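**Student:**
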Amino acid sequence: MLDVTDLACRRGDRQLFRSLSFQVPAQTLLHVRGRNGSGKTTLLRALCGLLRPDAGRIRWKGKSIRELAEDYNRDLLYFGHLNGIKADLTGLENLRIARTLDQDPVGDDAILDALARIGLEGFEDLPTRMLSQGQKKRVALTRLILSKAPLWILDEPFTALDVDAVDLLQQLIAEQVADGGSVVLTTHQEVPLTQGAIQRLTLDEADDETPVSGDDPARA
Amino acid sequence: MLSVFYSVLARDILLALRRRTDVLTTLFFFIIVISLFPLGVGSEREQLQALGPGVVWVAALLASMLALERLFAADYDDGTLEQLLLTGQPLALLVLAKVLAHWLLTGLPLVLIAPLVAMQYHLEATAVWVMMAALAVGTPVLSLIGAIGAALTLGLRGGGILLSLLILPLYVPVLVYGAGAVTVSAIEIADTEPYFYLLGAFLLGALVLAPLAAAAALRISLE
């Protein structure tokens, strides 16, 4: 479970949010909303440990993520604005490296299956710079299929995807939540779940004194 | 843990092989800088022999500097660096793998080509061997120290110049003892020993400390 208490972040002179507290238990999707520039990406980067918040504590399974450091990273999958794939390597090579870095190397068959599932059959051996924006994003999203991490943090994963890919991604997120994982995501899209709970968190300007989460009951 | 180290190392080498120009520019820069001096100062044997060691080392410094900017920049731009930071591995280990790949691609070629370019300076055979050995010990130090600067200046505008200003002063000891070893070898080969001990000490120190410092700098740069 991800447990956040009294989190505050500023960018330059601007207070993005403060006294932000919420919890993301297993089998839960946290949907972070807010207008452009409200600090969604900053929050997500803070949750990953990429950015040190100005105040507050972030705990994973009861321990501070600063103390857990690499142990926390092992439980985490972060998908940011940048795809995190190498343009000169093929999709297969990119994913092979990603799996090795996660210390969970899988056979090429598993990677090829995952690439086929995301709709990139026939493109496995092309350097990813030859692919379209959407296809690159698909290569990067294939990490979600292969991942066993209990916590996913996804920053605008739906952009540049076509209808089929959006469906598949929604399905993947639903599977992750149903399997007992947690997902934190920012998107302007609705994500239907078959099982588990959706929480919504809206980030507002800092002068709004109560930027606290409103919970939604589980959608069965 | 070793598999992760090899994976990063193999990845960077594979990437460089797919994009050979980056590696070749460093090498040609090294060759051209060294070849300019005999053209400029004339072909007097004694003068060139005196200049040779220093020129080769300064060229090696500048060539390694030139390649440094790209050490983390490409990974930073496409987001793979972010992913490296979020792997369940000590970041210093990954940095060490990247630096080793960087040295194999930009440092080692300099060591191997040095005897050829040294011919222009009428260096004795012993001096050439000593120079190769000194470069082999010294250039990894340059890559390791340079990694700290590359990590600190990551994502800054005009980072290249800043990187040179930060790092070149730190290269001075390597330059002094590296070129010194070659000069001394012309008088008495046994006298080069302390120079190599010192270069070796620099290498060991940098090997232990530089990856940790560069890893910390990367975390700051990515905030």
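Protein chains in written order, with the numbering used here: chain A, 195 to 414; chain B, 131 to 353.
Every residue gets a Cβ at the ideal spot worked out from N, C-alpha and C, and that includes glycine.
Predicted model, so just to flag it, every value in this text is computed and none were measured.
(1) Taking the alpha carbon of L395(A) as the point to measure from, which residue in G206(A), V226(A), F211(A) and R332(A) has its own alpha carbon closest?
(2) Looking at the secondary structure, which residues open and close the beta strand (DSSP E) in which A202(A) lies?
(3) According to the neighbour-count rule (16 or more other Cβ atoms, all chains shown, within 10 Å of its Cβ), is V357(A) buried or exposed?
(4) Taking the straight line between their C-alpha atoms, what separation do you get for D303(A) and Y206(B)?
(5) Does any CB atom of chain B fall closer than 8 Å to the CB of D319(A)?
(6) G209(B) touches chain A at which residues, Cβ-Cβ below 9 Å?
(7) Give the straight-line distance between the Cα atoms of A311(B) and S232(A), rounded to the nearest whole angstrom.
(8) Assign R149(B) to one of three DSSP states: helix, strand, or coil.
(9) Kindly indicate the opening and closing residues of the beta strand (DSSP E) around G285(B).
(10) Between the alpha carbons of H232(B) and I259(A), how many angstroms are there, rounded?
(11) At a threshold of 7 Å, does F158(B) count as lining the ligand ZN (C-beta to nearest heavy atom)?
(12) Determine the direct distance from the alpha carbon of R141(B) to that of P351(A), and round the result to whole angstroms.
(13) So the candidates are R212(A), Q221(A) and R290(A); which of them puts its Cα closest to the Cα of W346(A)?
(14) Which same chain residues, not among the five before or five after F167(B), have their C-beta less than 7 Å away from its C-beta?
(15) Can you list, in chain order, the stretches of the beta strand (DSSP E) that have 3 or more residues and sit fully within the region 286-341 of chain A?
(16) Cβ atoms of R204(A) and D265(A): under 8 Å apart, would you say?
(17) Identify whether L201(B) lies in helix, strand or coil by the three-state DSSP scheme.
(18) Thinking C-beta only, is G335(B) closer than 8 Å to G308(B)?
(19) Going by DSSP, what residue range makes up the alpha helix (DSSP H) through D361(A)?
(20) By the three-class DSSP mapping on this structure, what secondary structure does H252(B) have?
(21) If Q364(A) and P386(A) are in contact, beta carbons under 8 Å, what's the gap, nearest whole angstrom?
(22) Considering only their Cβ atoms, is the gap separating R332(A) from L314(A) smaller than 8 Å?
(23) With respect to the alpha helix (DSSP H) encompassing L262(A), which residues constitute its N-terminal and C-terminal limits?
(24) Measure the CB-CB distance between G322(A) and L283(A) and report whether it falls below 8 Å.
(25) Looking only at its chain, what residues have a beta carbon closer than 6 Å to the beta carbon of A354(A), apart from the 5 residues adjacent to it on each side?
**Tutor:** Looking at the coordinates:
(1) Looking at the Cα atoms, V226(A) is the closest of the given residues.
(2) Counting along the chain, A202(A) sits inside the beta strand (DSSP E) bounded by residues L196 to R205.
(3) Flag for V357(A) reads exposed.
(4) So the alpha carbons of these two residues sit roughly 30 Å apart.
(5) So no, D319(A) is outside the interface.
(6) Going along chain A in sequence order, the residues near G209(B) (Cβ under 9 Å) are G274, H275, L276, N277, G278, I279 and A334.
(7) Going by the C-alpha atoms only, they are around 59 Å apart.
(8) DSSP places R149(B) in coil when its eight states are reduced to three.
(9) Careful: G285(B) lies outside any beta strand (DSSP E) and carries neither H nor E.
(10) Their Cα atoms are separated by approximately 32 Å.
(11) In terms of ligand content, the structure shown is empty, and the ligand ZN therefore cannot be addressed.
(12) Each residue's CA atom was taken as its position, placing P351(A) and R141(B) some 26 Å apart.
(13) Ranking R212(A), Q221(A) and R290(A) by Cα distance to W346(A) puts Q221(A) first.
(14) Residues of the same chain with a CB within less than 7 Å of the CB of F167(B), apart from the 5 flanking positions on each side, are L181 and V185 in chain order.
(15) If we require 3 residues or more, the region 286-341 of chain A turns out to have no beta strand (DSSP E) run fully inside it.
(16) If you check the CB distance, D265(A) and R204(A) do not come in under 8 Å.
(17) Of the three classes helix, strand and coil, the one that applies to L201(B) here is helix, per DSSP.
(18) In this structure, the beta-carbon distance from G308(B) to G335(B) does not fall below 8 Å.
(19) Residues V357 to A372.
(20) Coil at H252(B), not helix or strand.
(21) 7 Å between Cβ atoms; contact.
(22) Judged by their CB atoms, L314(A) and R332(A) are nearer to each other than the 8 Å cut-off.
(23) It spans I259 to L262 - the alpha helix (DSSP H) in which L262(A) sits, taken as one unbroken run.
(24) Checking the sequence shown, residue 322(A) turns out to be Thr, not Gly. Going by C-beta atoms, T322(A) is nearer than 8 Å to L283(A).
(25) The answer, listed in chain order, is Q327, G328 and K331.
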